[in-house]
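Enquirer:
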Ligand code: NDP
């Protein structure tokens with residue numbers, strides 16, 4: 001089984017460039033899907049307090065040594081896989097912003113996950129009108145210094161939010177997780193991240209499935225004898241993004257992981273760059289408060 005290439009974050013921590021997203025995964029399905037994803041080769045999982053499925057994610061990771069291949073896959077999971085081989089991200093929900101509330105919310109998340117540490121803890125949305133994200137981030141810095149999280153970062157931060165954060169932050173965020181796919185290519189944020197040493201992580205990398213129907217994507221998929229999802233995910237990797245597609249069946253989970261054996265040419269990349277039209281499939285961060 002081929003594993004994902006990794007990116008080295010700005011504090012030296014390594015993160016798989018391909019992870020598995022768990023937004024809208026029902027709590028009862030989370031452990032089964034994470035187990036399937038582990039079997040398919042994923043070692044990086046993206047959850048959040050708001051998703052309500054931290055217990056299932058933690059249960060699947062906690063059960064690694066007991067894995068017997070009964071989740072419907074081929075049973076190829078390496079028996080020696082351990083917690084340190086897995087990268088887990090969770091996120092602070094909006095209602096829990098503020099220094100003390102963030103520390104309490106983290107304790108709740110880690111208890112639900114049943115883990116001793118989290119690999120990456122993110123502020124889910126800036127909620128700029130509340131004005132609490134600098135204080136919330138200070139709490140993330142405390143958790144980082146205490147060794148409870150291996151890296152800290154943000155999500156849905158626009159350039160102005162990053163500028164404000166960096167006025168007081170002592171630790172530059174390792175990651176900004178943002179909506180990013182061929183219809184919303186986020187050139188300004190990506191170049192800002194590059195100049196600051198922040199890794200760009202793409203949420204809804206498939207545009208919630210909508211971009212899979214784009215005729216240009218379908219044409220490239222036919223030319224490469226790959227699926228539309230594989231072409232889009234490969235495009236993300238070639239751009240340097242971290243991606244966390246979500247899928248609900250073992251076939252799609254495997255399909256989305258099978259992207260390391262081909263590459264796109266410069267004309268293909270150019271065609272995909274031409275699809276940028278500033279279309280969001282999720283909320284505008286300026287409207288979430
Ligand atoms: P994605 O872009 O990952 O698309 C998921 C959709 O595409 C689902 O409907 C899925 O269907 C479908 N799909 C997946 N793979 C295939 C395939 N190979 N062929 C056909 N259809 C496919 O959207 P998400 O919004 O789920 O984003 C991914 C992750 O990003 C989330 O799970 C979450 O972890 C994170 N996220 C973070 C946000 C934030 O604010 N920080 C906001 C939103 C997402 P099905 O499930 O039926 O298989």
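In our numbering, the protein residues as written are 1 to 289. Note that CB positions come from ideal geometry on N, CA and C, so glycine has one too. Quick caveat, the model's predicted, so the values are computed rather than measured.
For the 8 Å Cβ check, are there 3 or more pairs between the stretch 231-240 and the stretch 209-223?
Expert: Verdict: yes, contact present.
Enquirer: Quick one: Cα of residue 150 to Cα of residue 55, how far?
Expert: Roughly 20 Å between the two C-alpha positions.
Enquirer: For residue 58, is the classification buried or exposed, using 16 other Cβ atoms within 10 angstroms of its Cβ as the cut-off for buried?
Expert: The residue is buried, with at least 16 neighbouring Cβ atoms inside 10 Å.
Enquirer: When the Cα of residue 104 is compared with those of 136, 129 and 116, which residue comes out closest?
Expert: Of the candidates 136, 129 and 116, the one whose C-alpha sits nearest the C-alpha of residue 104 is 136.
Enquirer: Going by CA-CA distance only, name the one from 34, 274, 131 and 107 that's closest to residue 254.
Expert: Taking only the C-alpha atoms, the option nearest residue 254 is 34.
Enquirer: Rounded to a whole number of angstroms, what is the C-alpha to C-alpha distance between residue 12 and residue 172?
Expert: When rounded, the distance between both Cα atoms is 13 Å.
Enquirer: Quick check: residue 97 and residue 132, are their CB atoms within less than 9 Å of each other?
Expert: In this structure, residue 132 lies closer than 9 Å to residue 97 by Cβ.
Enquirer: Can you name, in chain order, every residue of its own chain whose Cβ lies under 7 Å from the Cβ of residue 262, other than the five neighbours on each side?
Expert: Excluding residues within five positions, the ones whose Cβ falls inside 7 Å are 224, 226 and 234.
Enquirer: Is residue 193 near ligand 1, in the sense that its beta carbon is under 8 Å from a heavy atom of that ligand?
Expert: Incorrect: residue 193 has no Cβ contact closer than 8 Å to ligand 1.
Enquirer: Determine, using beta-carbon pairs with one atom in the stretch 12-27 and one in the stretch 242-250, whether at least three such pairs fall under 8 Å.
Expert: At 8 Å Cβ cutoff, the stretches touch.
Enquirer: For residue 112, count the other beta carbons within 10 Å of its own beta carbon; 16 or more makes it buried, fewer makes it exposed. Which is it?
Expert: That one is buried.
Enquirer: Per DSSP, residue 91 is paired with what?
Expert: Per DSSP, 122.
Enquirer: Buried or exposed: residue 26, going by 16 or more other Cβ atoms within 10 Å of its Cβ?
Expert: The residue is exposed, with fewer than 16 neighbouring Cβ atoms inside 10 Å.
Enquirer: Please determine, among 181, 86 and 138, the residue with the shortest C-alpha to C-alpha distance to residue 167.
Expert: For the residues 181, 86 and 138, the minimum Cα distance to residue 167 belongs to 138.
Enquirer: What do you get for residue 2, buried or exposed, if any count of 16 or more other CB atoms within 10 angstroms of its CB means buried?
Expert: Exposed.
Enquirer: In three-state terms, what does DSSP make of residue 279?
Expert: DSSP places residue 279 in coil when its eight states are reduced to three.
Enquirer: Could you name the residues that DSSP lists as bridge partners for residue 203?
Expert: Bridge partners of residue 203: 179.
Enquirer: Use the C-beta contact count for residue 249: other C-beta atoms within 10 angstroms, 16 or more gives buried, fewer gives exposed.
Expert: Under this definition residue 249 is an exposed residue.
Enquirer: Quickly, what does DSSP pair residue 152 with across the bridge? List them, please.
Expert: Answer by DSSP bridge pairing, in chain order: 121.
Enquirer: Identify the continuous alpha helix (DSSP H) that holds residue 129 and give its terminal residues.
Expert: Per DSSP, residue 129 belongs to no alpha helix (DSSP H) and is neither H nor E.
Enquirer: Tell me whether the beta-carbon of residue 258 lies closer than 9 Å to the beta-carbon of residue 230.
Expert: Result yes, Cβ atoms of residue 258 and residue 230 sit closer than 9 Å.
Enquirer: Distance check for residue 80 and residue 163, CA to CA, integer angstroms please.
Expert: Cα to Cα, the separation comes out at about 43 Å.
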